[in-house]
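Report on the structure given below.
Residue numbers (my numbering): 1267 to 1481.
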């Protein structure tokens, strides 16, 4: 694909994702005034473990900062999944955890489950189960979703002993907190938030998806 085609593709991809955000703008959760009360540190080399789906060498990178207990994130999930499946040979999709613990009490535990699965190269398998079965674990009355997450781990064939250790490890905590700090540094103030090649999508500036089918 020529540089011009890549530029066109990247621009149109921004349009379609931005339009999705615009259509659900009322669902976006603003966390400008939310304090997580958790220590976060600069991401160290050992903590840089981006979970990548698609073409790792692509010139088009889509990054999502998401919260597995966020209703808006769940709404976007099937659409974004379809996009990254259809363009998996052309884009690089990365998911970074951004749990809003004070308003979503089970979100950090879900992030732990995803990172623990990622230690066995099954991050996106867990990612999908968490979103697709969110009603089973995200209820406010579900105070201990860990057994549900462990069942998910078994379903995707994880080594349960290793999963349990990784789920509870301080390294997992540090990775999640470092991802969130990185999001804060980039101006993330709601979930989901998307970046294309480092550029944050501005919801209000996107009004059309015309031309996407021509790519």
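Built from N, CA and C at the ideal position, the CB exists for glycine as well.
Since the model is a prediction, treat every value here as computed from it, not as a measurement.
Going by DSSP, what residues sit across from residue i in a beta bridge?
i: residue 1330; result: 1361, 1460
i: residue 1319; result: 1359
For residue i, name the three-state secondary structure that DSSP assigns.
i: residue 1312; result: The pLDDT assigned to residue 1312 is 38, lower than 50, so where the model puts this residue is not dependable; a value taken from the coordinates is nonetheless given after this. Here residue 1312 sits in helix by DSSP.
i: residue 1454; result: coil
i: residue 1466; result: strand
i: residue 1447; result: helix
i: residue 1477; result: Residue placement at residue 1477 is poorly supported in this model, since its pLDDT is 28, which falls under 50; the coordinates still yield a value, given next. Of the three classes helix, strand and coil, the one that applies to residue 1477 here is coil, per DSSP.
i: residue 1431; result: helix
i: residue 1297; result: Because the pLDDT at residue 1297 is just 39, under 50, the model does not fix this residue reliably, and the value given afterwards should be weighed accordingly. In this structure, residue 1297 counts as coil in the three-state DSSP scheme.
i: residue 1324; result: coil
i: residue 1442; result: helix
i: residue 1336; result: coil
i: residue 1422; result: coil
i: residue 1290; result: Because residue 1290 carries a pLDDT of 47, less than 50, the predicted location of this residue cannot be relied on, and no value is offered for it.
Just to confirm, is the Cβ distance from residue i to residue j under 8 Å?
i: residue 1316; j: residue 1365; result: no
i: residue 1438; j: residue 1378; result: yes
i: residue 1327; j: residue 1360; result: yes
i: residue 1356; j: residue 1404; result: no
i: residue 1331; j: residue 1449; result: yes
i: residue 1466; j: residue 1456; result: no
i: residue 1354; j: residue 1399; result: no
i: residue 1411; j: residue 1372; result: yes
i: residue 1348; j: residue 1376; result: no
i: residue 1426; j: residue 1436; result: no
Determine, using beta carbons only, whether residue i comes closer than 8 Å to chain B.
i: residue 1453; result: Included in the structure is just one protein chain, with no chain B present.
Measure the beta-carbon distance from residue i to residue j and round it to whole angstroms, keeping in mind my assumption that it falls under 8 Å.
i: residue 1391; j: residue 1422; result: 4 Å
i: residue 1420; j: residue 1385; result: Their Cβ separation, rounded to whole angstroms, is 16 Å, which puts residue 1420 and residue 1385 out of contact at 8 Å.
i: residue 1461; j: residue 1318; result: Actually they do not touch by this definition, with Cβ atoms about 14 Å apart.
i: residue 1458; j: residue 1338; result: 6 Å
i: residue 1397; j: residue 1340; result: 6 Å
i: residue 1418; j: residue 1395; result: 5 Å
i: residue 1388; j: residue 1424; result: 6 Å
Verify the contact flag: residue i, CB atom, against every heavy atom of the ligand SAM, threshold strictly below 7 Å.
i: residue 1378; result: As far as ligands go, the structure on display features none, and thus does not contain the ligand SAM.
Subject >> Unbroken stretches of the alpha helix (DSSP H), 4 residues or longer, contained in the stretch 1344–1413 >> reply: Scanning the stretch 1344–1413 from its first residue to its last, the whole alpha helix (DSSP H) runs of 4-plus residues come out as 1373–1384, 1389–1398, 1400–1403.
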